[in-house]
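Data block below; observations after.
Numbering (the working numbering), first residue to last: 5 to 330.
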């Protein structure tokens, strides 16, 4: 990880200062394989690959995607890397490593305890998937914390993208959606914490998502995929447009009975369709795949609608939220 001249290098206080922080943060990360040709700390990283690489970048900004009171710093770090790795899962790519750019408010360099927790959470997620940090950058931020993570992977087989859906295929999903949105909906309210009955599952869904890299082997016969980050309806529309096909959703199969029990059917539908940040995979396949359940089908045409033919009416918080005040 490299430093930029604008960052605060003051050494007031134990552990303060940018370069000291970088050394400490590197110690929180999994080490690259000893046989690898790379290590964090050089001006650039060399990657030797027998084939194609899959690369994606994800940015999370304080006051836009999160507020500090919403979760522990460790949870923030965990979800930041998991969200980035979710894009690799959607492309059927095994993680090789990642680059981390951190824009830090000056006060956080003076007292690094909160920021250290964020980096520790990133390190925990990196160890979970054996995904080493390959390098990065630090700079100061005039406002809140900004994390930008570039993830690098190796595709397993042919590239998997959004443009491969074919009429007659099944539309399958890797897990239930809507719980993370339920947590965000409550966290955006005036309450410091959401109601107790939401804590066990909703908060866990938002604070501790997990990229579905565990399903890479199940994706061998999938022909199109997308991860659910912006909301299931919006992401289904991206897939539909890229594949020039219509996607028909089965309302009964899609909605989680447990979410309906907590939120009511209408609200559960809105949360499921528009909430986002679920990081499940929506795929198209000619046969049912292990780890997925069927939520609809692909037909000729365009757009997304219910299997019954009805137009989908949904109102919600719209995935990640712009303009969240700190």
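C-beta atoms are modelled at their ideal positions from N, C-alpha and C, and glycine is treated no differently.
Under the three-state reduction of DSSP output, residue 310 falls in the strand class.
Looking at the DSSP output, residue 296 bridges to nothing. Residue environment: residue 57 is assigned as exposed (fewer than 16 neighbouring CB atoms within 10 Å of its CB, all protein chains considered). Spatial neighbours of residue 150 in its own chain (CB-CB distance under 6 Å, excluding positions within 5 residues in sequence) are listed in chain order as 65 and 107. The beta carbon of residue 206 is closer than 6 Å to those of 183, 186 and 187 in its chain, skipping five residues each way along the sequence. In this chain, residue 316 is not harboured by any beta strand (DSSP E), its DSSP state being neither H nor E.
Ranked by Cα distance from residue 28, the first of 80, 269, 122 and 102 is 122. Collapsing the DSSP output to three states places residue 53 in coil.
Here residue 74 is buried, its C-beta having at least 16 other C-beta atoms within 10 Å.
When beta bridges are read from the DSSP output, residue 288 appears opposite 175 and 228.
For residue 145, the enclosing beta strand (DSSP E) has its first and last residue at 137-145. The Cβ atoms of residue 237 and residue 277 sit closer than 8 Å to each other.
A residue is called buried when at least 16 other Cβ atoms come within 10 angstroms of its Cβ; residue 139 meets this threshold and is buried.
Just measuring C-alpha positions, the residue of 25, 34, 245 and 312 sitting nearest residue 119 is 25. With respect to residue 131, residue 261 sits apart: the two C-beta atoms are not nearer than 8 Å. Contact check for residue 178 and residue 216: beta-carbon distance about 5 Å, within the 8 Å limit, so the pair qualifies. Residue nearest to residue 86 within the set 255, 250, 232 and 55 is 232 (criterion: CA-CA distance). DSSP places residue 256 within a helical segment (H, G or I) once states are collapsed to three. Our two residues, residue 292 and residue 299, have alpha carbons roughly 11 Å apart in a direct line.
The beta-carbon separation of residue 167 and residue 228, rounded to 7 Å, stays under the 8 Å limit for a contact. Secondary structure note for residue 127: it is in no beta strand (DSSP E), and the uninterrupted alpha helix (DSSP H) holding it is 117-132.
Residue environment: residue 225 is assigned as exposed (fewer than 16 neighbouring CB atoms within 10 Å of its CB, all protein chains considered). Using a Cβ distance threshold of 8 Å, residue 312 and residue 173 do not count as a contacting pair. When C-alpha distances from residue 190 are compared across 170, 275, 171 and 245, the shortest belongs to 275.
Burial check for residue 240: the Cβ neighbour count within 10 Å reaches 16 or more, so the residue is buried.
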